[in-house]
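There are 2 protein chains.
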Amino acid sequence: MSDVAAAAGVSLKTVSRVVNAEGYVSTDTVAAVKAAIEQLGFRRNDAARQLRQGTAATIGLIFEDQSDPFYSTLARAVEDVALAHGSLLLIASSNGDPAHSQTIVDAFTSRGVDGLIVAPAAGTEPGLLQREAAAGRAIVFVDRPVPGVDADTVLADNVGGAAAATAHLVANGHRRIAFFGDDPGVFTATERLAGYSRALREAGLEPDDRLVRLAAPTADGLDDVIGGVLDQTDPPTALITGNNRWSIRMLRHLKAHASRAPLAFVGFDDFELADVLDPAVTVVAQAPAEMGRIAAELLFRRVGGAEEPIECIRIPPRLIVRGSGELPGPALA
Amino acid sequence: MSDVAAAAGVSLKTVSRVVNAEGYVSTDTVAAVKAAIEQLGFRRNDAARQLRQGTAATIGLIFEDQSDPFYSTLARAVEDVALAHGSLLLIASSNGDPAHSQTIVDAFTSRGVDGLIVAPAAGTEPGLLQREAAAGRAIVFVDRPVPGVDADTVLADNVGGAAAATAHLVANGHRRIAFFGDDPGVFTATERLAGYSRALREAGLEPDDRLVRLAAPTADGLDDVIGGVLDQTDPPTALITGNNRWSIRMLRHLKAHASRAPLAFVGFDDFELADVLDPAVTVVAQAPAEMGRIAAELLFRRVGGAEEPIECIRIPPRLIVRGSGELPGPALA
DNA sequence: GCATCGTCTGACAGCGTTGTCATATCCAGT
DNA sequence: ACTGGATATGACAACGCTGTCAGACGATGC
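Protein chains in written order, with our numbering: chain D, 351 to 683; chain P, 351 to 683.
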């Protein structure tokens, strides 16, 4: 910048004024400075700016895995909002490891990010995040909360969505409905299981442990786990998968074991090609893009200094009927 | 940091030495400083560090759309390499707009990123990037090159892959093979089309313009475009799609027009559920994770100051035979 | 006993910006 | 002519850190 100042024959501060469009600079001077900037290929050093101003114009996004389409869609929406606020986006995957997640939070905050959007790993301790929140750093949780941290949170209505999926299968005549969800430590898995159980009871059906399995969809040996449920005596006639990873995993299993009698199927969370499969897969669609957008807007409101009370927003999912969930069950057959 | 120094009763520089594990500090002093750090919740300000040292420990990744699974998989691999080098990852989507892409490059370089991995938008001018490269900023292109910029590049062997796909269909008895690819401005689309044409000629077949369509897979009115090719007199018996977006688009179309005689189908680029569809989709699988990893490793070698000559690495894709491409054509029927 | 070396510590400057304050000029209003 | 405000510019310090240099101390070697 001092080079530009010298080239334009003005002071450092005047260049700074031009670069930041502060006004109170004569049009001639502006022209001269801009010419010098152009000629020297000058670009403002944002590290210095950040040091001086204390704002990084950057936010951080942390989730389990950026190659998961749920999260990459969410990330895209967050990015768009960040862009609209002139901010950049730091992204890191926690791999579901709370310790690694802490490291990322540390690295992000050291970088001075203005705010954090976090889909916390199962088992995340509130300590570090609560210290950050208390210190005034804007934080928004998405998809999953962290109890003990005073921060806005954007969640899907997991209970309602899973209940809707279950009720839908019940309405189509199913009485024995299996549920395959993520690890029990995962917030959404527990909520969705609760919704499933609630809907069963509301339908006068007794939840049956033999029809429920909770495990990471990336775990080994899932074919046996699934087979153990689907091939038992008095087997289910319908099933629900608790997230898109599980849906994919299940579809692969069902294809490999096609000799089995067809089962009605509702997936939690929409996924690409669900409409192209045969039968097309009925899902409870979350709105990852909307969740990302809302979380980011909330974040920037906090970054801007909003002092409203902490919010917890629930995004209602939407049942998309495509065929797989409408296979009639015994009560209708 | 000065607070820590005061609390520990040592100088600023000593705290700095402890924080950076420089050594030459007595164990007692280290303990005292660490205690003070812990107690005050001190965290190094990386903006100041960056200003002083000139390194951001951050790299930037730019591609068309982070919700595209090809790119999100690639991004994940880049992230892992960055992590191993103690770097963070800034991500931004260009939406395929070269002007916006420039803005991002500007924003990233202002932030002082140590390097850039760019999947350039079609029509990207070399100017800005070449200036950056010449100024010594590490740049690696991935998926697509930018002619006129002296930077390492990691590409798929698009010609070879498309030729393999075409030859595979020919070997299965097809003579009229359609090709649907991305916008002609897109590097990979052109290369893949070239591979398709080459393989046809090598098989003694004359490429037929009526069988080729290039358009963005997100464009409107594609059903008509596709129908125009597939429903012509003397229609194709097989088709190739030039990227995963086109494959999805095509599958949706084919499902909606199921009355048509079945066509053999090979997709360029693998996609989730390709193995679950019926018939399972034969693809030429790129290796986005490997491309990301290699690009990132190349980048960090440059960031580390490697002076090796510019490299252009071609990653060979792999034909994965699943069923849709083996539907026998007229020459075998 | 003195030079030498390794270890430990601190003072200070400077990275490139921008906020604050001071100064200068000009024009309108009285 | 004088005041006051708007406009235009610059000097300077400070943001928090680290590289450089220098000093102090004890151990070692001759």
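Glycine included, every Cβ here is placed at the ideal spot set by N, Cα and C. Quick caveat: nothing in here was measured; it's all calculated off a predicted structure.
Apart from the five residues just before and just after residue i, which ones in its own chain have a Cβ nearer than 6 Å to its Cβ?
i      : result
D:Y421 : F413
P:V345 : Past the boundaries of the shown model lies residue 345 of chain P; chain P is included only from 351 to 683, so the question cannot be answered.
D:D620 : V633 and A635
D:V562 : F529
P:R664 : L505 and D507
D:R548 : A513
P:V369 : R394
P:R652 : A488
P:G685 : Only positions 351 to 683 of chain P appear in this structure, which leaves residue 685 of chain P out of reach.
P:E661 : D502
Might you give, ordered along the chain, the residues of its own chain that have their beta carbon closer than 7 Å to the beta carbon of residue i, omitting 5 neighbours on each side?
i      : result
D:H518 : V616, L669 and G675
P:V671 : T632
D:I441 : L411, Q416 and A425
D:P612 : L677
D:L649 : I409, G465, I467, A488 and V490
Mind checking residue i: buried by the 16 CB within 10 Å criterion, or exposed?
i      : result
P:E372 : exposed
P:N593 : buried
P:H607 : exposed
P:S609 : exposed
D:G477 : exposed
P:E541 : buried
D:G359 : exposed
P:D418 : buried
P:D573 : exposed
P:G654 : exposed
P:S352 : exposed
D:E482 : buried
D:L362 : exposed
P:T453 : exposed
D:I590 : buried
D:R599 : buried
D:A515 : buried
P:G571 : exposed
P:A381 : exposed
D:I527 : buried
D:P497 : exposed
D:P659 : exposed
P:G728 : No answer is possible for residue 728 of chain P: it lies beyond the span of chain P, which begins at 351 and ends at 683.
P:A624 : buried
P:A485 : exposed
Nearest to residue i by alpha carbon, out of the options?
i      : options                           : result
D:A501 : D:E657, D:G510, D:P678 and D:D620 : D:E657
P:L555 : P:I387, P:A681, P:A427 and P:D353 : P:A681
P:S444 : P:F621, P:V496 and P:A469         : P:A469
D:S597 : D:P557, D:A432, D:G531 and D:A488 : D:G531
P:H450 : D:A484, D:L433 and D:G446         : D:L433
D:G545 : D:R367, D:P667 and D:L439         : D:P667
D:R494 : D:A539, D:E622, D:I660 and D:R551 : D:A539
P:P345 : P:D558, P:R595 and P:A565         : This structure cannot speak to residue 345 of chain P, because chain P is shown only from 351 to 683.
D:G446 : D:P567, D:G486 and D:G436         : D:P567
P:I644 : P:V492, P:D378 and P:A355         : P:V492
D:A646 : D:L438, D:V354 and D:L550         : D:L438
Using C-beta distances below 8 Å, list every residue in its chain close to residue i, excluding the 5 sequence neighbours before and after it, in chain order.
i      : result
D:A357 : A386, Q389 and L390
P:N522 : A588, A614, G675, E676, L677, P678, G679 and L682
P:R367 : G373, Y374 and V375
P:R560 : V579 and Q582
P:V499 : P476, L479, Q480, A483, I489 and F491
Output, in sequence order along the chain, the residues in the segment 378-399 of chain D whose CB is closer than 8 Å to any CB in chain P. If you check each beta-carbon in the segment 378-399 of chain D against every beta-carbon of chain P, the ones closer than 8 Å belong to G391, R393, R394, N395, D396, A397 and A398.
Given 8 Å as the limit, is there contact between the segment 533-552 of chain D and the segment 465-476 of chain D, that is, 3 or more CB pairs closer than that?
-> Touching, per the Cβ criterion.
Quiz item: In chain order, what residues of the segment 628-639 of chain D put their CB closer than 7 Å to some CB of chain P?
Solution: Only D628 from the segment 628-639 of chain D bring a Cβ to less than 7 Å from some Cβ of chain P.
Three Cβ pairs or more, each shorter than 8 Å: is that satisfied between the segment 597-607 of chain P and the segment 573-592 of chain D?
Cβ pair count under 8 Å is below three, so no.
Taking contact to mean 3 or more Cβ pairs, one atom from each stretch, closer than 8 Å, check whether the segment 386-401 of chain P and the segment 394-412 of chain D are in contact. At 8 Å Cβ cutoff, the stretches touch.
field: Contacting positions in the segment 581-611 of chain D - beta carbon closer than 8 Å to chain P
entry: Answer in chain order: I598, L601, R602 and K605.
The segment 483-494 of chain P: positions lying closer than 9 Å to chain D by Cβ
Within the segment 483-494 of chain P, the qualifying residues are A485.
Counting beta carbon pairs with one atom in the segment 447-462 of chain P and one in the segment 380-395 of chain D, are three or more of them shorter than 8 Å?
Judged by Cβ distances under 8 Å, the segment 380-395 of chain D makes contact with the segment 447-462 of chain P, as three or more pairs qualify.
- Of the residues that make up the segment 448-461 of chain D, which ones have a beta carbon closer than 8 Å to any beta carbon in chain P? Residues passing the 8 Å Cβ filter: D456, A457, F458, T459, S460 and R461.
Problem set entry | chain D contacts made by the segment 418-429 of chain P, where a contact means CB separation under 7 Å | Of all residues in the segment 418-429 of chain P, P419, S422, T423, A425, R426 and E429 have a Cβ within less than 7 Å of some Cβ in chain D.
Next on the checklist: Taking beta-carbon pairs under 9 Å, can you tell me which members of the segment 643-671 of chain D lie near chain P?
Outcome noted: From the segment 643-671 of chain D, no residue has a Cβ closer than 9 Å to chain P.
> Using Cβ-Cβ distances below 8 Å, what residues of the segment 401-413 of chain P are close to chain D?
Replying inline: Here the close residues are L401, A406 and T408.
Residues within the segment 523-550 of chain P neighbouring chain D, beta-carbon criterion of under 9 Å | Under the 9 Å Cβ criterion, the segment 523-550 of chain P contributes no residue.
- Select from the segment 550-562 of chain P all residues with a C-beta closer than 9 Å to any C-beta belonging to chain D, and list them in chain order. For the segment 550-562 of chain P, which is checked against every Cβ of chain D, not one residue is closer than 9 Å.
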